[in-house]
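Protein chains in written order, with the numbering used here: chain X, 147 to 825; chain B, 323 to 627.
Built from N, CA and C at the ideal position, the CB exists for glycine as well.
Computed from a prediction, not measured in an experiment: that's the story for all the values here.
This report concerns only the one structure given below.
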Amino acid sequence: MPSVEALFSVGLAVYLAGAVAGLAAWRRPAAARVAGFALALAGTLLQGAASAMALVQGAGATWTLPLGTALFPWTVRLDPLSAYFNLALAFLACAVSVYSFGYVRHMEGKKNVGTLVFFYNLLLLSLSLVFTAANAFSFLVAWEVMALVAYCLVSFEHEKAEARRAGVVFLVMSHAGTGLLLVAFLVLATTARSLDFARFHLLGSQLPLLDQGAVFLLFFLGFGVKAGIVPLHIWLPDAHPVAPSNVSALMSGIVIKTGIYGMARVFFDFFGPPPLWAGTVVLSIGVASALLGVLYALMEHDLKRLLAYHSIENIGIILMGFGAALVFRALGHGNLAAVALVAGLYHTFNHATFKGLLFLGAGSVLHGTGTRNMEHMGGLIRRMPATALFFLVGSVAISGLPPLNGFVSEWLTYQALLAGFGSTESLTRMMFPISGALLALTAALAAACFVKAFGIPFLALPRSEAAAAAKESPVSMQIGMGILAAGCVALGVGATWFVRLFDPITSQALGLRVSSSLVAANGLAMAAGTGRGGTVSTAGIAVLGLALGGIAAILVMLRSRGARRVSGPTWDCGLPGLTADNQYTATAFSKPLRMIFSALYRPRREIQAEYEVSPYYPTAIRFESDIEPTFEKRFYDPLQRSILELARRMRGIQAGSIHAYLAYIFVTLILLLLFGVRG
Amino acid sequence: MMQLLLLLAISPLISGLIKTLKARMQTRRGPGVLQFYRDLYKLFRKGMVIPDTASWIFTAAPYIVFVTTLMAGLMLPMTSTKAPLDLFGGVLAIVYLLGLGRFFLALAGMDTGSSFGGLGSSREMTISALAEPAMMLAVFTVAIAANSTNLSEVARSAVGQNWRFFAPAQMLACAALYLVLIAETGRIPVDNPATHLELTMVHEAMILEYSGPHLALIEWAASMKQLVLMTLLVNVFWPFGLASGPSVPGALGGLGWLLLKLGLLSCSIVLVETTNAKLRLFRVPEMLAVAFTLGTLALVSTFLF
């Protein structure tokens, strides 16, 4: 049996080999594609095996990779938390790599496939290093490599202006976030006199109260940029859709989870019980992200942008779990904190699975129709049956409907929030049920959104020639989606088995094992972890549902034997023939919600009708409608303007005179000397 | 098994009762309490016309709606405090199972390619999304009091302390759930179950293309959903008569009480239906906001009083 260290290190080396293979074979795209993605696939399998072993063993393996310098060694640690995130990465990347064999083929001859393969493998490598870095130096290096590689992938289709713009916004936001992280790490490092993560354990809580709050917020915002929390999310809906779809799946599925990983590491490893307000802030931001994410998603007609907004929503749901866990920890309820943490972490894995699946499905649709605009799709369920089925599985899962995986983690979140009401006597307790109610609203709106996101592209009549001529994707893409769809089902139905995997993590973070209290009736049902909190059995629901459905179908068939079953045209109100133009559009579908939440959206609508004789008989109508991008307009535009204004004023001190510059250097030197003497 | 038959058997009765009572209130004779059974019997023998634009979603949806509603009903204590499928889930599972059925029904509405289907789906999903938080708050109020989201536990704890209906929290939560019930079952201020081809319709627009056994399944499921939500309301807030163990006299007594309570609730629904006009679609959110506020007040009052 090979050791965890060996498997992991070989996996990294295989990623590196994949990257090199991509560059080496860039003149022969087919070879680069096959070799690159085969190596990526092999790497994910090795990494997955290593992470699963590390997670099951529960003890953290720590060793040094020959990458760093003597002063800054590159230490790698696969403790349960790292192993868990790395496992999610390996699982998603495995499916995406299989998918990429078929998906990237259409780029051959048009794009430089070799560089795509290079950056793809490098992204997997850097992600794996981010999750496992054991000191601040290697973490930040891996973090930066990841950001730069992600930038290259976002701007991969750089001939399009939107891809270039999205890339720049992503890069700026990402670096602002890294700046915050750098400061926070420096504060911790000066206190610990070390860069080692092991020395940071519980260190945050030993800082003076003011520093503690500052460091907490710096970490939260710094990681929040990457995770895409509201209001730091503006880069996300631009950056994720413009990347090639296999990369979008990785970006939304796992790259934003690096922010979640960082938060988990800081909140539950570097900090002990935090002050109460910290948890409250995280919970509130979680609720705001969830609700605003889904509300903006509802207004999108670009399939991939819609999915990107849903990532913001799901990050919000994860943070609701984390926030509740922090509050419980502050109040001294260790068990509840563990349940809430499990809810957040479970949702992290689930989101990686179904969002990866949905982005791969969207990529398959894009591959088949050549468009991302839902208003030009329709009827794809007949032409792309496999893609439709997988996309449907993802839609049901992300809407949090039983018996799939989204339901399980949302159910756990509800239970944690409900238990929170009894955890304190103060008014803080109202926060929990209100958050729960808003989570219900979020989930119901997500269901509405996915009725649209599945119904408009896949059902009824095709709305364009491209949709009518769509072809099903190649087998490798179907297998890639199939793996993730199977994951959605397994993580949902087998929930009672999977919660056991969280024991090492909670025991590392909080010193508690809660999985036995989360399982009832010999593993048949999930329990709420608080004695009498309630039970649910996704496996039971699935089996019973299939059985009852089968019985009902047989009875109906027996009863209506001999009855006519004919196919006929849809009722068209007596008009001659129903066409695709009669169908409800995505805009029309979300119209009631646009009206109801108009205070948020501030929709704008413009109708111009041309007519010759009477205004009642228009010859042509032009309709335009959009919503106001509130955050960009009210926050980022003024910010950008003031930064530019500041820069303009600072131009004065850069006069180009060498004497002035010498004076600046001199003054700076003196100041530094003064600081040096004082210190 | 008993409860399975009970759900299937008495849901058409309640629907028929409401229809007849409503007719009497409007000084009409009405079709008779048993009409719904005759309708189902007739529909199951009819042939089906399936729109040629429709896919397998259209055929699968009636079964999914029917089965999810049935399972939701089995998680509910009807005649005794022990729900048959208590282990499989509580009130959260009920809400989400009904949500699963609605999800597929809305997809089926869009599958036909007619604008009515899309219209119905869009409105149904909107209204239900807005009703959800109010429902959750009402449910949380009772779940917090009982320390459990499983309804058997809720009912047991309510029976133990006898009737606490006059506690402000219970009354407010009950009012919130009542408004949600009206919205979710498509009753008059929100939707009109009696019209077919009007631009006001929601649920009926969505299922316009269904015929024969499929339509029967959907109608039956809708009537069961109404029964499930009504039973939820009456058994959580007025838990008298619930048998505490599995005994024949207890079950019969529980059944008697259940029918009585459902009858009373039906009367109040009929009153609301006959005395109110249908709201404009964009006024419905205001009504649901009232429900949400009531739910919040219910929670606040659990620790104020």
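In whole angstroms, what separates the C-alpha of residue i from that of residue j?
i: Leu459 of chain B; j: Ser474 of chain B; result: 19 angstroms
i: Leu407 of chain B; j: Ala674 of chain X; result: 17 angstroms
i: Leu364 of chain X; j: Leu694 of chain X; result: 53 angstroms
i: Gln325 of chain B; j: Gly691 of chain X; result: 16 angstroms
i: Ala178 of chain X; j: Trp423 of chain X; result: 52 angstroms
i: Ala477 of chain B; j: Val417 of chain B; result: 17 angstroms
i: Ala613 of chain X; j: Gln729 of chain X; result: 15 angstroms
i: Val712 of chain X; j: Met370 of chain B; result: 6 angstroms
i: Leu227 of chain X; j: Ile651 of chain X; result: 6 angstroms
i: Ile687 of chain B; j: Ile386 of chain B; result: Chain B is shown only over 323 to 627; residue 687 of chain B falls outside these bounds and no answer can be derived.
i: Trp542 of chain B; j: Lys368 of chain B; result: 15 angstroms
i: Pro715 of chain X; j: Thr375 of chain B; result: 8 angstroms
i: Tyr782 of chain X; j: Ser398 of chain X; result: 23 angstroms
i: Val622 of chain B; j: Gly425 of chain X; result: 21 angstroms
i: Ala373 of chain X; j: Ala410 of chain X; result: 12 angstroms
i: Ala599 of chain X; j: Ala443 of chain X; result: 10 angstroms
i: Ala456 of chain B; j: Leu429 of chain X; result: 20 angstroms
i: Phe283 of chain X; j: Gly405 of chain X; result: 17 angstroms
i: Val702 of chain X; j: Met397 of chain B; result: 24 angstroms
i: Gly478 of chain X; j: Gly680 of chain X; result: 22 angstroms
i: Arg697 of chain B; j: Leu192 of chain X; result: The requested residue 697 of chain B is not part of the displayed model; chain B covers only 323 to 627.
State the DSSP-derived secondary structure class of residue i, mapped to helix, strand or coil.
i: Gly714 of chain X; result: strand
i: Ser402 of chain B; result: strand
i: Ala611 of chain B; result: helix
i: Asp381 of chain X; result: The residue asked about is misnamed: residue 381 of chain X is Trp in this sequence, not Asp. Residue state, collapsed to three classes: coil.
i: Met445 of chain X; result: coil
i: Lys617 of chain X; result: coil
i: Arg411 of chain X; result: helix
i: Thr517 of chain B; result: coil
i: Thr210 of chain X; result: strand
i: Trp557 of chain X; result: helix
i: Ala666 of chain X; result: strand
i: Val222 of chain X; result: strand
i: Glu521 of chain X; result: helix
i: Glu531 of chain B; result: coil
i: Glu254 of chain X; result: strand
i: Thr570 of chain X; result: coil
i: Ala279 of chain X; result: strand
i: Ala606 of chain X; result: coil
i: Ala565 of chain B; result: strand
i: Thr731 of chain X; result: coil
Please classify residue i as buried or exposed, where buried requires at least 16 neighbouring CB atoms within 10 angstroms.
i: His447 of chain X; result: buried
i: Arg517 of chain B; result: The residue asked about is misnamed: residue 517 of chain B is Thr in this sequence, not Arg. Result: exposed.
i: Glu305 of chain X; result: exposed
i: Tyr757 of chain X; result: exposed
i: Arg750 of chain X; result: exposed
i: Arg780 of chain X; result: exposed
i: Trp378 of chain B; result: exposed
Starting from residue i, trace the beta strand (DSSP E) both ways and give me its first and last residue.
i: Met370 of chain B; result: 370–373
i: Glu756 of chain X; result: 750–757
i: Met523 of chain B; result: Here Met523 of chain B belongs to no beta strand (DSSP E), and DSSP marks it neither H nor E.
i: Ala674 of chain X; result: Taken as a continuous stretch (DSSP letters only), Ala674 of chain X belongs to no beta strand (DSSP E), as it is neither H nor E.
i: Val702 of chain X; result: Careful: Val702 of chain X lies outside any beta strand (DSSP E), inside the alpha helix (DSSP H) at 684–705.
Assuming residue i is part of the alpha helix (DSSP H), what are its boundary residues?
i: Trp289 of chain X; result: 282–300
i: Leu551 of chain B; result: 534–559
i: Phe365 of chain X; result: 355–373
i: Trp172 of chain X; result: Taken as a continuous stretch (DSSP letters only), Trp172 of chain X belongs to no alpha helix (DSSP H), as it is neither H nor E.
i: Gly575 of chain B; result: 570–597
i: Pro549 of chain X; result: That residue, Pro549 of chain X, is in no alpha helix (DSSP H); it is neither H nor E in DSSP.
i: Phe537 of chain X; result: 531–544
Compute every distance between the C-beta of residue i and the non-hydrogen atoms of the ligand MN, then say whether any falls below 7 angstroms.
i: Ala239 of chain X; result: Questions concerning the ligand MN fall outside what the structure shown contains, since it holds no ligand whatsoever.
- Which full runs of the beta strand (DSSP E) of 3+ residues lie inside the segment 760–806 of chain X, going along the chain? Note on the segment 760–806 of chain X: whole beta strand (DSSP E) runs with a minimum of 3 residues are 764–772, in chain order.
- Run through the segment 386–458 of chain B for me and flag every whole alpha helix (DSSP H) of 4 or more residues, listed as ranges in chain order. Listed in chain order, they are 413–433.
- Task: Only counting runs of 4 or more residues, tell me where the alpha helix (DSSP H) segments fall wholly within the segment 625–649 of chain X, in order along the chain.
- Result: 641–644
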